[in-house]
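Top line first, the protein sequences correspond to chains A and B. Using our numbering, read the first sequence as starting at 1 and increasing by one per residue. Using our numbering, read the second sequence as starting at 338 and increasing by one per residue. Okay, so here's the structure we're looking at.
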Amino acid sequence: MGEMTERKKRIDRGVKVRSDTIYAVSSPKELIYLSAPRLCLIFGLLLLPLIVPGLYWQRVVCLFGIYALLAVGLDFMANYTGLNCLGMAFFVGTGGYISGMLNATFELPVAISIPIGTVVGALLCTFAFLPTLPLKGVYFAVISFMYPLVFARIIAATGIFGGTDGIAGLSILPNIWVSQYLILGVLLICTFGLRRLVNEDIGLVFRGLKDNDQTIRASGMNIIFYKALAVFITALMGCFAGAYLSHLYGWVGLSLLAMDFSIFPLAAVVIGGPGTIAGPLIGALILVPASEMLRAFAGLRIIFYSILIVLFILFWSEGLLNWARRKYEQFEYLVRI
Amino acid sequence: MEKGEVFLQVRGVAKSFGGVRAVSGVSFELRKGDILGIIGPNGSGKTTLVNLTTGFAKKDSGEVIFDGKNISKWPAHKIAAAGLARTFQVMRPYHTLPAYKNLIPTLYSPRARQNAEGKLGDRDAVAIDILEEVGFERDAYVPYKMAGSLPLGYLKRLELARCLAMYPKLIICDEVFSGLSMAEIASMIPLLERLQMNGMTLIMIEHRLKELFQIANRVLVLNFGTKIAEGIPEEVMKKKEVRKAYLGEEWEE
Numbered sequence: 001m002g003e004m005t006e007r008k009k010r011i012d013r014g015v016k017v018r019s020d021t022i023y024a025v026s027s028p029k030e031l032i033y034l035s036a037p038r039l040c041l042i043f044g045l046l047l048l049p050l051i052v053p054g055l056y057w058q059r060v061v062c063l064f065g066i067y068a069l070l071a072v073g074l075d076f077m078a079n080y081t082g083l084n085c086l087g088m089a090f091f092v093g094t095g096g097y098i099s100g101m102l103n104a105t106f107e108l109p110v111a112i113s114i115p116i117g118t119v120v121g122a123l124l125c126t127f128a129f130l131p132t133l134p135l136k137g138v139y140f141a142v143i144s145f146m147y148p149l150v151f152a153r154i155i156a157a158t159g160i161f162g163g164t165d166g167i168a169g170l171s172i173l174p175n176i177w178v179s180q181y182l183i184l185g186v187l188l189i190c191t192f193g194l195r196r197l198v199n200e201d202i203g204l205v206f207r208g209l210k211d212n213d214q215t216i217r218a219s220g221m222n223i224i225f226y227k228a229l230a231v232f233i234t235a236l237m238g239c240f241a242g243a244y245l246s247h248l249y250g251w252v253g254l255s256l257l258a259m260d261f262s263i264f265p266l267a268a269v270v271i272g273g274p275g276t277i278a279g280p281l282i283g284a285l286i287l288v289p290a291s292e293m294l295r296a297f298a299g300l301r302i303i304f305y306s307i308l309i310v311l312f313i314l315f316w317s318e319g320l321l322n323w324a325r326r327k328y329e330q331f332e333y334l335v336r337i
Numbered sequence: 338m339e340k341g342e343v344f345l346q347v348r349g350v351a352k353s354f355g356g357v358r359a360v361s362g363v364s365f366e367l368r369k370g371d372i373l374g375i376i377g378p379n380g381s382g383k384t385t386l387v388n389l390t391t392g393f394a395k396k397d398s399g400e401v402i403f404d405g406k407n408i409s410k411w412p413a414h415k416i417a418a419a420g421l422a423r424t425f426q427v428m429r430p431y432h433t434l435p436a437y438k439n440l441i442p443t444l445y446s447p448r449a450r451q452n453a454e455g456k457l458g459d460r461d462a463v464a465i466d467i468l469e470e471v472g473f474e475r476d477a478y479v480p481y482k483m484a485g486s487l488p489l490g491y492l493k494r495l496e497l498a499r500c501l502a503m504y505p506k507l508i509i510c511d512e513v514f515s516g517l518s519m520a521e522i523a524s525m526i527p528l529l530e531r532l533q534m535n536g537m538t539l540i541m542i543e544h545r546l547k548e549l550f551q552i553a554n555r556v557l558v559l560n561f562g563t564k565i566a567e568g569i570p571e572e573v574m575k576k577k578e579v580r581k582a583y584l585g586e587e588w589e590e
């Protein structure tokens with residue numbers, strides 16, 4: 001001992017000293033400091049379709065929107081209500097098939113089939129998950145993982161909904177600009193909406209479901225009801241993504257239930273920062289282009305996601321946005337001891 | 338409701354875990370405004386009895402009548418919503434939230450919303466008022482402190498405050514004194530007495546007999562899941578079975 005050692009010390013920036021939800025803002029500079037990250041996200045996403053080169057990458061923006069929506073939904077479900085869902089593909093499949101079938105058999109226009117696919121799909125998904133809701137953590141994860149697999153097997157075995165071939169020739173969204181801004185708009189609304197929701201009073205009830213469920217029950221609230229509500233909110237987002245996807249390509253098929261839709265959001269959540277809602281969106285923003293570049297490897301990409309998940313959990317479990325937020329909100333300096 | 342009316346009736350409830358009979362056929366009654374103490378050595382089935390009464394565990398047999406309604410088959414949340422609040426021995430507050438935010442989910446519940454109508458201020462303000470009532474000093478900003486940084490004494494009070502936020506008819510306190518210092522207990526007793534004076538009915542499960550006897554009008558003694566005595570504290574503690582259960586077989590006067 002006796003040696004001089006250095007230690008990192010952190011203090012919050014002045015503007016962060018606040019009373020819970022009300023910021024004490026005293027200058028335009030602080031106003032900018034507070035709103036800059038949010039404005040960056042909003043304008044960044046809205047400008048995205050304009051800055052990417054060519055139609056191919058504009059289609060990738062649409063895909064990014066779908067995956068980001070799923071990742072944001074998963075973050076809410078897993079980190080705020082304790083339902084670690086590995087079956088996001090089930091939501092995508094349900095929404096996609098309902099919207100696609102309505103369009104194919106009743107020739108409903110896209111503007112009607114997508115909303116119906118979203119709401120009816122979310123209701124069906126919630127009912128389907130109802131028996132599993134008393135479960136928590138890894139038990140729920142395992143069972144939710146089975147849902148899309150079972151759904152896909154049923155379709156393949158019985159040949160309903162076009163069987164293994166799927167149904168082609170659905171109406172597609174009017175043009176690439178509408179497609180891009182539709183999904184990005186929904187994504188922004190969902191991200192900011194969920195961030196608001198988890199800090200509302202009902203958001204605290206949702207958070208309680210994760211590890212204070214005893215308290216919630218002792219307060220006279222039915223935990224199954226609130227879990228079902230959380231599943232419904234996530235399923236709305238997932239089913240919208242599915243319905244949108246079916247009309248983006250004009251095709252529904254078994255690939256709507258592919259494991260990619262379950263594992264990719266998880267990777268995006270882990271990389272982007274679990275529990276931040278906006279983090280997974282940024283995670284998806286990094287992962288989608290990366291996986292486009294790996295397109296040659298096709299089915300093997302799932303290995304790439306899995307390795308990323310493992311590495312991030314082991315070595316950087318706080319994720320991107322939690323880290324960035326700490327850097328943004330706190331000073332860091334070294335002190336000699 | 339008249340004071341002294343029978344308020345809670347527990348009739349012959351029983352529960353076995355595997356081959357162990359945790360509670361076998363316990364019955365008792367509680368009148369409005371009473372403070373009933375439930376005592377007994379470790380593992381005598383006190384907490385299980387509470388779980389059976391409040392629906393947190395399934396009864397093998399027996400029934401519970403609360404406020405004129407047979408609640409034997411009701412799920413836990415419905416019983417709580419009917420006004421039977423309880424504290425937990427193992428507390429799990431929202432560690433990363435300020436203390437007053439811990440009451441928000443409870444204040445959000447249908448029962449609390451119904452009863453809090455007409456109260457001034459939003460839920461945050463109501464939460465802080467309730468915390469102040471149980472001894473969180475507002476002037477020292479204790480209600481704003483992170484729940485994870487609070488000492489045990491405050492956490493026990495927080496549990497009690499959570500019950501009060503339900504505007505309950507009956508509170509079952511599961512060992513609210515355990516782990517507290519003498520001074521902390523001494524400061525909690527007036528709080529419980531004030532609750533009783535305001536007409537609250539309480540069941541207290543305790544190991545700290547001396548403090549319990551200061552406030553309880555009646556006690557019930559459990560041993561190996563059966564009721565071995567019931568009555569006013571002084572008389573119960575004179576009984577031979579009770580002394581034997583607490584002090585062992587060899588104990589002689």
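All residues carry an ideal CB built from backbone N, CA and C; glycine is no exception.
Residue-level contact by beta carbon holds for B:Ser446 and chain A, with a gap shorter than 8 Å. For A:Trp251, the secondary structure class from DSSP, reduced to helix, strand or coil, is strand. Under the 10 Å beta carbon count, B:Asn407 is surrounded by fewer than 16 other beta carbons and is classified as exposed. At a cut-off of 8 Å between C-beta atoms, B:Tyr504 does not count as an interface residue with respect to chain A. A check of alpha carbon separations from B:Arg494 across B:Lys581, B:Glu512 and B:Arg358 identifies B:Glu512 as the nearest.
Counting along the chain, no beta strand (DSSP E) covers A:Thr164, and no H or E run does either. Interface annotation for the region 192-226 of chain A against chain B: Asp201, Ile202, Leu204, Val205, Arg207, Gly208, Asp211, Asn212, Gln214, Thr215, Ile216, Arg217, Ala218, Ser219, Gly220, Met221, Asn222 and Ile223, criterion Cβ-Cβ distance under 8 Å. Measuring C-alpha to C-alpha distances from A:Met237 to each of A:Val150, A:Leu194, A:Gly272 and A:Pro274 identifies A:Leu194 as the nearest.
Among the bridge pairs identified by DSSP, B:Ile509 is matched with B:Arg423 and B:Ile540. Within chain A, the C-beta atoms nearer than 9 Å to that of B:Phe425 come from Gln214, Thr215 and Ala218, in chain order. Runs of the alpha helix (DSSP H) lying entirely within the region 71-110 of chain A and spanning at least 4 residues, in chain order: 88-106.
By the 16-neighbour rule on beta-carbons within 10 angstroms, B:Met534 is exposed. Between A:Gly65 and the set A:Asp75, A:Leu48 and A:Asn79, the nearest pair of CA atoms involves A:Leu48.
CA-CA distance, B:Gly370 to B:Ser446, rounds to 25 Å. Taking 8 Å as the upper bound for CB-CB distance, B:Ala351 and B:Ser398 are in contact here, some 5 Å apart. Its chain contains no residue whose beta carbon lies nearer than 7 Å to that of A:Phe225 once the 5 sequence neighbours on both sides are disregarded. In chain A, no part has a C-beta under 8 Å from the C-beta of B:Thr390; the shortest such distance is about 13 Å. The residue from A:Tyr80, A:Ala230 and A:Phe261 with its alpha-carbon nearest to that of A:Arg301 is A:Phe261. In this structure, the alpha-carbon of B:Asn379 lies about 32 Å from that of A:Asn222.
Remark: C-beta atoms of B:Gly562 and B:Gly382 approach each other more closely than 8 Å. Non-local beta-carbon contacts of B:Ala418 in its own chain, meaning distances under 8 Å to residues more than five positions away in sequence, involve Ser446, Pro447 and Arg448 in chain order. No Cβ of chain A is located within less than 8 Å of the beta carbon of B:Ile508. For B:Pro480, the closest Cβ of chain A is not nearer than 8 Å.
Burial state of B:Arg580 is exposed, judged by a 10 Å Cβ sphere holding fewer than 16 other Cβ atoms.
With a threshold of 16 other beta carbon atoms within 10 Å, A:Tyr139 falls short and is exposed. The C-beta of B:Ala394 comes no closer than 8 Å to any C-beta of chain A.
Residues of the region 404-416 of chain B with a C-beta atom less than 7 Å from some C-beta of chain A are Ala413 and His414, listed in chain order. At the C-beta level, A:Arg10 and A:Glu318 stay beyond 8 Å of one another. The beta carbon of B:Tyr491 sits no closer than 8 Å to any beta carbon of chain A. Of the residues assessed, A:Arg196 falls on the exposed side of the cut-off, its CB having fewer than 16 other CB atoms within 10 angstroms. One Cα belongs to B:Gln551, the other to A:Ile233, and the distance between them is close to 51 Å. At least 8 Å separates the CB of B:Ile542 from every CB of chain A.
DSSP links A:Tyr333 through a beta bridge to A:Lys9. Spanning the alpha carbons of A:Leu229 and A:Leu39 requires a straight line of approximately 30 Å. Spanning the alpha carbons of A:Arg336 and A:Gln330 requires a straight line of approximately 19 Å.
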